[in-house]
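Under my numbering, think of the first position of the sequence shown as 2, with each following residue one higher.
A short write-up of the structure that comes next.
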Amino acid sequence: MNDRGSVKFNKILWPIYFLNGFQSILWGGITFLIVPLSRIMWPSDPTHALEMGIIITTLAWSASISGLLFGHLIDKYSRKKILIILSIFRGFSALMLGFGIEGGGSSTWIYFLIFVAIFGIFGGLSWPTVISLTNDIVPKDQRSRFFGVYELIRSLTMTLGFLIGAFLVQTGFWRQFFWSAGIGILVFGFILALHINEPKRGAQQEELNQVLQNDILYDYKITREMMKKTMLSRTNIVALIEGIFTWILMGSINFLILNLIQNEPHNISEFSTSIFMVCFGLTGGIVGQLGLARLSDRFARKHMKARIYMIIIAIAGGIISFVLFFFIPWPHLTVEQGKDVGFLMTLPIIWLMGSLFFFSRSIFSLYIVNQSPILQQINLPEAQGQIISWNQFLENLGRGIGPSLSGILLVVTFYNYQLTILILTLCILPGIILWALALKWLTKDSNQIKEILKKRANNLQATQPHN
């Protein structure tokens, strides 16, 4: 039964998976290729860490601000039409990045900054729209599986973006990387327009699904009173505040790791780094985002609070293992050695790095596949887009602060990576404490939503004309 349901929603949502994939390829290219992109802009200079950090911050913050300002539109208008509009503008901005002037220094940097901001602005509604749409398509007992697949595709294609981007940058075809990503986004935006039929809001709510099978629409709009009662519940507030702290650290880690291993004296090339991320990160992602996602659904079906326990495990275990990267005795390599993947794979330290990467990616995936189902569970159908936009705003605020804060701390500590990451690691404590407190509130906040929907179902049923 569950497997048939799983196949059904995957058949409906496959264009969204591909659209997510191409968008993530470009996002990965921008965020992971900070060193080679800096070289494209300033060919004869060392990496401009501060300027590249500002680009990543702009990408994250433009997405978060647009989601905050326009997230309420998702709960009022067609989610399908919104996704189509987003794909047009994101595809256009990706194409334009491929026309940047190589070696233009600050002029090229400003050009990139503008179109990265456009890509981010129209990306700010993407995730909240997907959450709102899938809330009416994916059965509740398969939510972690959906988010596991979605996140696996995002992680895989983001890494693929790093891999392909690194190869194309090293071979001088960086423009083709941006053009291909832009074309892919536009093509699958068009396919989405033809393939997906948008369901009624609330179609998967057990309190409403019988009523909505008739010619009745769920057309409730969020009011200020209901917003205070539900969207500002204690569990929602925990998820909102925690996201800032967790993603300050998560936004810092990739930035710091890439600056550490790709520059002197370690000199591991961008392409070699991407190979390791595919080999070790992909397998870790499959284990976490598919295997652990099914486990999450199974536990959550029996115990509602299981998702919170898994989030706490993910935050603590995932981030601690990420931090250990900075205490590995990285080898000092020449530029040529850093490009030789075969040579690097003979080094035991690379396999230690791979093991840490595998574990950190797999365990942290528990955070991704459990947080969104909790937010869906404790919010009304007409608030799904808005609450995810709020959450995304604060997470992206943290994700955007991370690289810039890392760049500042590196300068202040004279590029002491270990001290920098230890300072940033303090950000995990608020998240763990807040989710532990949420264990007391989740049941009450979830039951509140059920009671509201039961009353609304009765009202909708009462207004149905009788033959």
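The beta carbon of each residue, even a glycine, is placed where N, CA and C say it ideally should be.
- His49 counts as buried, since no fewer than 16 other beta carbons sit within 10 angstroms of its beta carbon.
- Between the stretch 321-333 and the stretch 271-282, the count of C-beta pairs closer than 8 Å stays below three; the two stretches do not touch.
- With at least 16 other beta carbons inside 10 angstroms of its own, Pro374 counts as buried.
- One alpha carbon belongs to Met232, the other to Thr444, and they sit about 15 Å apart.
- Judged by pairs of C-beta atoms under 8 Å, the stretch 189-199 does not touch the stretch 120-131, as fewer than three such pairs exist.
- Between the alpha carbons of Val288 and Ile85 lies a distance of about 32 Å.
- Here Tyr78 is exposed. Its C-beta has fewer than 16 other C-beta atoms within 10 Å.
- Nearest neighbour of Val336 by Cα position, chosen from Glu207, Leu69, Val117 and Glu265, turns out to be Glu265.
- The C-beta distance from Ala317 to Ile433 rounds to 6 Å, short enough to fall under 8 Å.
- With a beta-carbon spacing of about 13 Å, Gly190 and Leu27 fall beyond the 8 Å limit used to define contacts.
- Assignment of alpha helix (DSSP H) within the stretch 77-110, counting only whole runs of 4 or more residues, yields 80-98 in chain order.
- With distances taken between CA atoms, Ile245 lies nearest to Glu396 out of Lys82, Asn255 and Glu396.
- In this structure, DSSP gives Pro47 a state outside helix and strand, which the three-state scheme calls coil.
- Judged by DSSP in its simplified three-state form, Ser270 adopts coil rather than helix or strand.
- Taking C-beta atoms as the reference points, Phe120 and Ser94 count as a pair closer than 8 Å.
- The three-state reading of DSSP puts Pro431 in helix, counting H, G and I together.
- Looking from the CA of Met97, the closest CA among Phe178, Ser273, Leu425 and Ser156 belongs to Phe178.
- Excluding the 5 residues flanking it on each side, Arg295 has same chain C-beta neighbours closer than 8 Å at Ser145, Arg146 and Gly149, in chain order.
- Secondary structure note for Asn198: it is in no alpha helix (DSSP H), with a DSSP letter that is neither H nor E.
- Contact between Phe174 and Gly403 does not hold, since the beta-carbon distance rounds to 30 Å and is not under 8 Å.
- Annotated as proximal: Leu345 and Ser273, with beta-carbon spacing under 8 Å.
- Phe359 carries a helical assignment under DSSP once its states are collapsed to helix, strand and coil.
- Approximately 7 Å separates the beta-carbon atoms of Ile312 and Leu367; this is inside 8 Å, confirming the contact.
- One Cα belongs to Ile238, the other to Ile388, and the distance between them is close to 10 Å.
- Boundaries of the alpha helix (DSSP H) around Leu420: Tyr418 to Thr426.
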